Amino acid sequence: MMDFLKKNYLLIFILLIATALRFVKLGSIPVGFNDDEAAFGYNAFSILKTARDEWGRFLPFPVFESFGDWKLVGYLYLTVISQFFFGVNEFATRLPSALFGVFAVFATYLLSQRLFDKRVALVATLLLAISPWHIAASRNAFESDLLVFFITIATYFFMKGFQNPKWLTASFVTYAVSFYIYRSSWLFMPLFVIALIYFHWDQLKKFKGILTRNLIISLFLLVPLVPVAATFHGQSRFFQESFIAGIARTGINNVINEQRGTCMQKFPNAVCLISYNKVLVFSKIYLNNYFGNLSIKTYFDNANSTGFQSFATRSVLYLFELPLIILGLIFLFKAKSPALRIIVPWMAFFPLGAAIAGVGNYGRINLFMPVPQIVAAYGLVAMFFYLKNNFLRTIYVFLFSILIIISTVGFISDLFVVDAYFTSRYQRYGYKELFKYLASKEQEYDKFVISRKIDYGHQYMQYLYFSKVDPNFFLVNAKRHKSDEGWVIFDSIGKYDFVDSIPGIDRLPAKTLIVAGEKEIEFPKPPTYTIDDLRGDRIFEVYDVSQVKIP
17 MMDFLKKNYL LIFILLIATA LRFVKLGSIP VGFNDDEAAF GYNAFSILKT
67 ARDEWGRFLP FPVFESFGDW KLVGYLYLTV ISQFFFGVNE FATRLPSALF
117 GVFAVFATYL LSQRLFDKRV ALVATLLLAI SPWHIAASRN AFESDLLVFF
167 ITIATYFFMK GFQNPKWLTA SFVTYAVSFY IYRSSWLFMP LFVIALIYFH
217 WDQLKKFKGI LTRNLIISLF LLVPLVPVAA TFHGQSRFFQ ESFIAGIART
267 GINNVINEQR GTCMQKFPNA VCLISYNKVL VFSKIYLNNY FGNLSIKTYF
317 DNANSTGFQS FATRSVLYLF ELPLIILGLI FLFKAKSPAL RIIVPWMAFF
367 PLGAAIAGVG NYGRINLFMP VPQIVAAYGL VAMFFYLKNN FLRTIYVFLF
417 SILIIISTVG FISDLFVVDA YFTSRYQRYG YKELFKYLAS KEQEYDKFVI
467 SRKIDYGHQY MQYLYFSKVD PNFFLVNAKR HKSDEGWVIF DSIGKYDFVD
517 SIPGIDRLPA KTLIVAGEKE IEFPKPPTYT IDDLRGDRIF EVYDVSQVKI
567 P
């Protein structure tokens, strides 16, 4: 044991750092609890109590309906296990993500050591351990974070399979499991695995039979997804979010028609039809999105004002990593490193799915990690050995050590103090306090009317989660319908009504509390209860109808 600790003390220290940055105040940082987290939490609670999700479906598999976005069940059942041990709370809901975040750090060490050596592996592990991007993903209950671990460890198993084919089985099974976690893997994974087999055929051809068997096993494991992928259940996010079939398509079509009509005033129709058509415009948008998700700006100059799976005050990668990534790529190509057979396909394929919806949605491009950290680590180590002068090496190590320490300290300040100040509103801060207050008034009031204008209509899930509404009561009493895009629009349950806009006061019973956004409605009397975000900006205003009615 002592010998193991002596040999691996740096790795253990890095893993402890990774654990601390992902687990300290996990239940309260990020502040608030976003809608997807609440959906995973409540559906897990419902399954624990009734073995059914919020829609009454028995042990849903491989997807559950949720808001109408039909989430894959991988993260859901991990949350069920977590809640079984730790109860229904924010910590338990986020625990699987944080835990697999630490696992991903260790998997990065294993893969990097396999690709290069222990020095590169330790640096890559450290960079992922302190990565703002990966920590943001690990501290939210988002299923895409799990992909970082599963893809990384599966690729490590794949490389080990060159010597022992049993690891190929572990690799292909793990790749298959990734399909049940997040849809980003559906386009990335088949292409990535095909590329891995193609580029490593010399090492694999002696295992043709085993490889064929593993491919058959993997395909068999994916059979439950086939009927899902062929229906709206599997394609829901494409229809709801993509520029090709989602809401954005209407605006794009209008622009195309306007441009074509203007063109036809001066040029033949055929010219205008060729120049302005959906195939050409959609292809251009897709390519712009694809390369946008590979751009330096997306990772080094793109603070997200909402802090959604990122931070409002900083980019997702440290600025010092940029020159290291550039150096890493230069040295890799100069050395014609075999690692490029894995790194290049990974970089080429990860934006394919995300590009359908846009640029810079970090949840959809999480599966890029840990490639930037591995390449940066290789660049740091390769540059060290490129420098032949010991004095220059010392200055080089000292400089980057200081940069890493300063950057990490600044990030820790952002993580635990500064970022919450800017992003609390967007992280659904205040709902826990709101529904706790309303619950305390249930004996005094007959109705609670909550405006959907405050957010985009998923407040009901916050109510279900924080009030721990009995799933059986919910199934019997919930009233909801769906939008044209398939999103769930929740109307009411029990005393709680969720409305597009606050109705006239005269239409409401006297014993009613109204919940609205700041200045959404105006009355001569001030609200009876308010909730502000951490900046002091108003989120909720609660009015007592009997006090604001004009006699």
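17 is the number of the first residue of the sequence shown in our numbering; add one for each residue after it.
Even for Gly, the Cβ is constructed at its ideal location relative to N, Cα and C.
Computed from a prediction, not measured in an experiment: that's the story for all the values here.
Contacting residues, own chain, Cβ-Cβ under 7 angstroms from residue i (five flanking each side not counted)
i: residue 381; result: 309, 366, 367, 370
i: residue 505; result: 473, 496, 497, 498, 499
i: residue 200; result: 160, 163, 369, 370, 380, 383
i: residue 105; result: 43
i: residue 6; result: With the chain running from 17 to 567 in the structure shown, residue 6 is simply not present.
6 angstroms Cβ shell around residue i - same chain, five flanking residues per side excluded
i: residue 513; result: 465
i: residue 549; result: 440, 441, 445, 555
i: residue 263; result: Low confidence applies here, because residue 263 scores a pLDDT of 46, under 50, leaving its location unreliable; read the following figure in that light. None.
i: residue 537; result: 518
i: residue 406; result: none
i: residue 240; result: 78
i: residue 280; result: 288
i: residue 302; result: 371
i: residue 25; result: none
i: residue 463; result: 511, 525, 528
First through last residue of the beta strand (DSSP E) which encompasses residue i
i: residue 497; result: 495-498
i: residue 562; result: Taken as a continuous stretch (DSSP letters only), residue 562 belongs to no beta strand (DSSP E), being part of the alpha helix (DSSP H) at 561-564.
i: residue 430; result: First-last for residue 430: undefined, no H or E at that position.
i: residue 198; result: No beta strand (DSSP E) holds residue 198; DSSP gives it neither H nor E.
i: residue 513; result: 512-515
i: residue 530; result: 528-532
i: residue 545; result: 545-548
i: residue 508; result: 504-509
i: residue 595; result: Residue coverage of the chain in this structure runs from 17 to 567, which leaves residue 595 outside it and unanswerable.
Sequence-distant residues of its chain with Cβ nearer than 8 angstroms to residue i (five each side left out)
i: residue 272; result: 292, 293, 294, 297
i: residue 14; result: Given that the chain is displayed from residue 17 to residue 567, the structure contains no residue 14 and the question cannot be resolved.
Pairwise C-alpha distance: residue j and residue i
i: residue 227; j: residue 83; result: 40 angstroms
i: residue 9; j: residue 335; result: Outside the shown range of the chain (17 to 567) lies residue 9, about which nothing can therefore be said.
i: residue 41; j: residue 112; result: 15 angstroms
i: residue 598; j: residue 413; result: Here the chain comprises residues numbered 17 to 567, so residue 598 is not present and cannot be evaluated.
i: residue 30; j: residue 44; result: 24 angstroms
i: residue 27; j: residue 545; result: 51 angstroms
i: residue 488; j: residue 70; result: 9 angstroms
i: residue 484; j: residue 48; result: 17 angstroms
i: residue 543; j: residue 558; result: 5 angstroms
i: residue 508; j: residue 461; result: 16 angstroms
i: residue 392; j: residue 340; result: 5 angstroms
i: residue 579; j: residue 390; result: Not covered by the structure: residue 579. The range shown for the chain is 17 to 567.
i: residue 425; j: residue 37; result: 11 angstroms
i: residue 34; j: residue 121; result: 7 angstroms
i: residue 188; j: residue 361; result: 17 angstroms
i: residue 12; j: residue 331; result: Because the chain spans 17 through 567 in this model, residue 12 falls outside it and cannot be assessed.
i: residue 479; j: residue 203; result: 35 angstroms
i: residue 16; j: residue 359; result: In this structure the chain extends from 17 to 567, so residue 16 is not present and cannot be described.
i: residue 56; j: residue 169; result: 25 angstroms
i: residue 458; j: residue 247; result: 42 angstroms
i: residue 245; j: residue 53; result: 24 angstroms
i: residue 510; j: residue 494; result: 8 angstroms
i: residue 155; j: residue 434; result: 16 angstroms
i: residue 186; j: residue 451; result: 46 angstroms
i: residue 59; j: residue 305; result: 33 angstroms
i: residue 353; j: residue 276; result: 49 angstroms
i: residue 255; j: residue 81; result: Caution is warranted here: a pLDDT of 47 is assigned to residue 255, below 50, making its placement in the model unreliable, and no coordinate value can be reported.
i: residue 357; j: residue 108; result: 39 angstroms
i: residue 230; j: residue 184; result: 7 angstroms
i: residue 75; j: residue 492; result: 18 angstroms
i: residue 218; j: residue 350; result: 22 angstroms
i: residue 238; j: residue 99; result: 27 angstroms
Alpha helix (DSSP H) segment containing residue i, residue limits
i: residue 91; result: 90-102
i: residue 134; result: 134-145
i: residue 329; result: Taken as a continuous stretch (DSSP letters only), residue 329 belongs to no alpha helix (DSSP H), as it is neither H nor E.
i: residue 51; result: 51-66
i: residue 453; result: 447-456
i: residue 314; result: 312-316
i: residue 224; result: 224-237
i: residue 130; result: 106-131
i: residue 459; result: No alpha helix (DSSP H) contains residue 459, which DSSP labels as neither H nor E.
Contact with chain D by residue i, beta-carbon distance below 8 angstroms
i: residue 160; result: In the structure shown, chain D cannot be found, because there is only a single protein chain.
Residue i CB to nearest heavy atom of the ligand COA below 7 angstroms
i: residue 23; result: In the structure on display, the ligand COA does not appear, and there are no ligands present to speak of.
Q.
Within 8 angstroms, do at least three Cβ pairs link the region 455-474 to the region 524-539?
A. Touching, yes, given that three or more Cβ pairs across the two stretches are closer than 8 angstroms.
(Q) Is it the case that the region 170-180 contacts the region 132-143, given that we only count it when at least three CB pairs across the two stretches are under 8 angstroms? (A) With a cut-off of 8 angstroms, the region 170-180 and the region 132-143 do not count as touching, because too few Cβ pairs lie within range.
Q.
So within the region 147-190, which uninterrupted alpha helix (DSSP H) runs reach at least 4 residues, ignoring any that extend past its ends?
A. Runs found: 148-154, 160-176.
Q. At what residue ranges does the region 345-399 contain a whole run of the alpha helix (DSSP H), taking only runs of 4 or more?
A. You should have 356-365, 367-370.
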